[in-house]
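Only one structure is covered here, and it is reproduced in the block below.
In my numbering, the protein residues as written are 980 to 1541.
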């Protein structure tokens, strides 16, 4: 048990020394030994804890740059004494190990100069005349500069993606070579990430853990019982696991800073497609407008899509419905309806974008139309009240109108409702009353509908307003003798006789319906006013019968017996 206590006390003392040492390393992190070679503004960083050999990045083994040493110090670049660490006694060993570590750190701070460790990545979106040839060319750039292809993917003949790694010192050269291979660079983004602090912190932690592990190894060798050995071995295993995790992270930072990643997204250079969105227009606020575009088809392109951007924040979904127009190699898009709710941002730039794909690759085209939105001028029309006229006589029709300024080519149209030709004309400036005279030749059992329509031109297009009224046409006079209108008199007489006939017919129908009632009433009257002797005889006969019945019920002696 005494030996076990000595081991535990020694381990606690070692942990305290390691903590103080880590604090000292963190405060002077900028001076930790890291050797970095700078070429053409690019950084290739190596850890002082790493030696030569090979690195594995994205599944590819590459040469690890040689770690530099400080000739003035005479120490190896890792700054840690090589070989096994011996601890003569638990307390003295911890003390001497801590002093040795602090002296090594001081020597490193005085003899080493640290550069920054930068990880750079580049993302590019390009247009190429041929996707396949461009992908092969980018892979060739990576190989020629000492890099490799990380991944590559192609989609038919239109699009592809490729990722490569090249030495960080030759990143700019690789990017410029890719630019020269493609037809157009749509976008390019370069990112740099400084990992110096993370790198130096991990290196310091690895060194501290290695010292702790070596001290525990010495204690393990001095253990006298199995229990002591197991306790120390358990702690050594835990520390070794932490060391391996940190060393893996250090190696990753070295690799990614030494070889930069370039990701390229490619698509074919689209063929030109002629698109016509239609003429510029001026419309009123809230008026629905129909948009259709015509376009010329491209050989080898079979699938077409289109979308409209109306310039007021509304963009249609991508649509696919198109139809031939009857013209060679020409199609038209489906109709899209849109209304502009205000004129504040007028004029609006409306753009249609067409895209097609097929065996020939891709085709693109677009066109714009200017939409001027304004308030529609107002026109109000009023007609005279309902009229009753005779057939064959002149009918006077009068209409009035009010209109807003800014109207031109104001015209009117009278429609009389009897099938005759409409009457049209121009409305002069300042004119507010429009009249017309019309003769209705025939009377009808219903009124004629008269309509007055006013049409004018404005900046927002044609403006049209109408109003209607009714005219009841009655039969007119035929001829007159001595002031006596024979035609009207005859017609009046005929109408009177017709009315009398209808009345008599109605009376006869009612008499037929109520005939049983009349018969009953007649019988009652006859009964009241008929022959009195007959009534008396009937009464006596009835009384005699009644008396006979009464006697039979009383059993009178005069009643004959059988």
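We put the beta carbon where it would ideally sit given N, CA and C, even for glycine.
Note that the coordinates shown come from a computational prediction; the quantities given were computed from them, not determined experimentally.
* To do: Compare the Cα-Cα distances from residue 1411 to each of 1419, 1280, 1427, 1390 and report the closest residue.
  => 1390
* CB-CB under 7 Å to residue 1420, same chain, minus the five flanking residues each way: which ones, in chain order? -> 1370, 1371
* To do: Classify residue 1424 as buried or exposed, calling it buried when 16 or more other Cβ atoms lie within 10 Å of its own Cβ.
  => exposed
* Sub-7 Å separation of residue 1096 and residue 1236 beta-carbons -> Result yes, Cβ atoms of residue 1096 and residue 1236 sit closer than 7 Å.
* Buried versus exposed call for residue 1155 [16 or more other C-beta atoms within 10 Å across all chains shown] -> In the assembly as shown, residue 1155 is an exposed residue. Its beta-carbon has fewer than 16 other beta-carbons within 10 Å.
* Counting pairs of beta carbons, one from the segment 1251–1262 and one from the segment 1270–1282, are three or more of them closer than 8 Å? -> Here the segment 1251–1262 makes contact with the segment 1270–1282; the two share three or more CB pairs at distances below 8 Å.
* To do: For residue 1433, I'd like the list of residues in its chain whose CB is within less than 6 Å of its CB, leaving aside the five on either flank, ordered along the chain.
  => 1358, 1360, 1380, 1391, 1444
* Smallest Cα separation from residue 1149: which of 1099, 1142, 1109, 1178? -> 1099
* Asked: Looking at C-beta atoms only, is the number of pairs between the segment 1106–1113 and the segment 1217–1226 that lie closer than 8 Å three or more?
  -> no
* Starting from residue 1179, follow the alpha helix (DSSP H) in both directions and report where the run begins and ends. => It spans 1175–1201 - the alpha helix (DSSP H) in which residue 1179 sits, taken as one unbroken run.
* Asked: Taking buried to mean at least 16 other C-beta atoms within 10 Å of its own C-beta, is residue 1401 buried or exposed?
  -> exposed
* To do: Taking residue 1338 as the reference, give the member of 1304, 1322, 1313, 1283 with the closest Cα.
  => Checking every option, the nearest Cα to that of residue 1338 belongs to 1283.
* When burial is assigned at 16 or more other CB atoms within 10 Å of the CB, is residue 1112 buried or exposed? -> exposed
* To do: Check each candidate in 1350, 1336, 1192, 1140 and name the one with the smallest Cα separation from residue 1265.
  => Ranking the options by Cα distance to residue 1265, first place goes to 1350.
* Asked: Taking the C-alpha atoms as reference points, what is the distance between residue 1299 and residue 1117?
  -> 35 Å
* Residue environment, residue 1172, which counts as buried when at least 16 other CB atoms sit within 10 Å -> exposed
* Excluding the five sequence neighbours on either side, which residues of its own chain have a C-beta within less than 6 Å of the C-beta of residue 1475, listed in chain order? -> Residues of the same chain with a CB within less than 6 Å of the CB of residue 1475, apart from the 5 flanking positions on each side, do not exist.
* To do: Determine which residues share a DSSP beta bridge with residue 1146 and list them.
  => 1238
* Asked: Is there contact here, the segment 1341–1356 with the segment 1300–1313, by at least three beta-carbon pairs under 8 Å?
  -> no
* C-alpha gap between residue 1398 and residue 1427, whole angstroms -> Each residue's alpha carbon lies about 10 Å from the other.
* Counted within 10 angstroms of its Cβ, other Cβ atoms place residue 1239 as buried (16 or more) or exposed -> buried
* Asked: Does the distance from the CB of residue 1367 to the CB of residue 1374 come in under 7 Å?
  -> no
* Asked: Where does residue 1130 sit, in a helix, a strand or coil, going by DSSP?
  -> strand
* Beta-carbon contacts of residue 1437 that lie in its chain and below 7 Å, excluding the five residues immediately before and after -> 1355, 1356, 1385, 1386
* Asked: Looking only at DSSP bridge pairs, what is residue 1204 linked to?
  -> Its beta-bridge partners do not exist; DSSP assigns none.
* Using DSSP with H/G/I as helix, E/B as strand and the rest coil, what is residue 1401? -> coil
* To do: With a threshold of 16 other CB atoms inside 10 Å of the CB of residue 1193, please say whether the residue is buried or exposed.
  => buried
* **DSSP bridge partner residues for residue 1155 (one or two, in chain order)** => Its beta-bridge partners do not exist; DSSP assigns none.
* So which of 1500, 1395, 1481 has the shortest CA-CA distance to residue 1451? -> 1395
* **Alpha carbon of residue 1160 to alpha carbon of residue 1185, nearest angstrom** => 45 Å
* Asked: Taking residue 1245 as the reference, which of 1479, 1382, 1163, 1455 has the closest Cα?
  -> 1163
* By the 10 Å Cβ neighbour count, where 16 or more other Cβ atoms means buried, how is residue 1543 classified, buried or exposed? -> Summary: the structure shown does not reach residue 1543, with the chain confined to residues 980 through 1541, and so no result is reported for it.
* Asked: Does the Cβ-Cβ distance between residue 1330 and residue 1296 come in under 7 Å?
  -> For residue 1330 and residue 1296, no; Cβs fall outside 7 Å.
* Could you pull out every residue in the same chain whose Cβ sits closer than 6 Å to the Cβ of residue 1303, ignoring the five residues on either side in sequence? => 1310
* For residue 1291, which residues of its own chain have a beta-carbon under 8 Å away from its beta-carbon, when the five flanking residues on both sides are left out? -> 1319, 1320, 1324, 1327
* **Separation of residue 1489 from residue 1418, as counted between CA atoms** => 45 Å
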